[in-house]
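Asker: Quick one: the structure is below, and I'll ask about it shortly.
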Amino acid sequence: AEAAAAAAAAAAEKEARDALVAAANDALPDEPAAGGDDVVDIAVKLPDGRRVRRRFCKSHPLQSVFNFLVSHEHLAPGTYRLMSQFPRRAFEDHAPGAPTLEEAGLTQKQEALFVDLL
Numbered sequence: 639a640e641a642a643a644a645a646a647a648a649a650a651e652k653e654a655r656d657a658l659v660a661a662a663n664d665a666l667p668d669e670p671a672a673g674g675d676d677v678v679d680i681a682v683k684l685p686d687g688r689r690v691r692r693r694f695c696k697s698h699p700l701q702s703v704f705n706f707l708v709s710h711e712h713l714a715p716g717t718y719r720l721m722s723q724f725p726r727r728a729f730e731d732h733a734p735g736a737p738t739l740e741e742a743g744l745t746q747k748q749e750a751l752f753v754d755l756l
């Protein structure tokens with residue numbers, strides 16, 4: 639009975655995680671073409687040292703970057719924040735006011751961030 643309960647709990651956890659990944663993927667805006675004036679190429683260094691990149695429009699919500707990491711890298715929401723090296727800034731998941739990338743100050747053609755596990 640204990641093994642069955644553990645298996646059921648694991649299945650429920652996987653189902654919840656899969657639902658979060660699907661929701662994050664559905665909320666992800668289409669990736670803009672490279673080279674546009676309002677396009678920001680964001681590179682994120684993951685905890686394991688790998689880097690992932692994706693383009694966003696400056697008008698996209700900051701939350702889109704978090705949604706990308708949840709949907710493509712399966713990072714659990716609420717377990718990390720994003721940091722920039724210079725100037726050193728922290729970007730929070732579900733930031734108050736739902737800022738766009740531009741409002742958050744991510745406006746360069748290329749931006750480098752890293753995952754800071756909480």
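Numbering of the sequence shown is given in the working numbering, commencing with residue 639 and proceeding in unit increments.
All C-beta atoms in this analysis are idealised placements derived from N, C-alpha and C, irrespective of residue type, glycine included.
Source: prediction; values computed, not measured.
Count Cβ pairs between the stretch 743-752 and the stretch 674-684 that sit closer than 8 Å; are there 3 or more?
Answerer: yes
Asker: Within 10 angstroms of its Cβ, does V729 collect 16 or more other Cβ (buried), or is it exposed?
Answerer: The sequence given here has Phe at residue 729, not Val. With 16 or more other Cβ atoms within 10 Å, it is buried.
Asker: Along the chain, which unbroken stretches of the beta strand (DSSP E) at least 3 residues long are found entirely within the stretch 658-729?
Answerer: 677-683, 689-695, 718-722 and 727-729
Asker: Taking R719 as the reference, give the member of E741, A650 and H732 with the closest Cα.
Answerer: H732
Asker: For L751, report the span of its beta strand (DSSP E) as first-last.
Answerer: Q748 to L755
Asker: CA-CA distance, L666 and S702?
Answerer: Distance between the alpha carbons of L666 and S702: 6 Å.
Asker: CB-CB under 7 Å to L700, same chain, minus the five flanking residues each way: which ones, in chain order?
Answerer: The residues are F729, A733, P737, T738, L739 and A742.
Asker: To the nearest angstrom, how far is the alpha carbon of A642 from that of R727?
Answerer: 46 Å
Asker: Using a Cβ-Cβ cut-off of 8 Å (strictly less than) and excluding sequence neighbours within five positions of C695, which residues of its own chain qualify?
Answerer: P667, P670, G674, D676, V677, V678 and L739
Asker: How many whole angstroms separate the CB atoms of H710 and V690, which I take to be in contact at a CB cut-off of 8 Å?
Answerer: Indeed they touch by this definition, with Cβ atoms about 7 Å apart.
Asker: Please go through the same chain and pick out, in chain order, the residues whose beta-carbon is closer than 6 Å to the beta-carbon of N663, but skip the five residues on each side of it.
Answerer: S709
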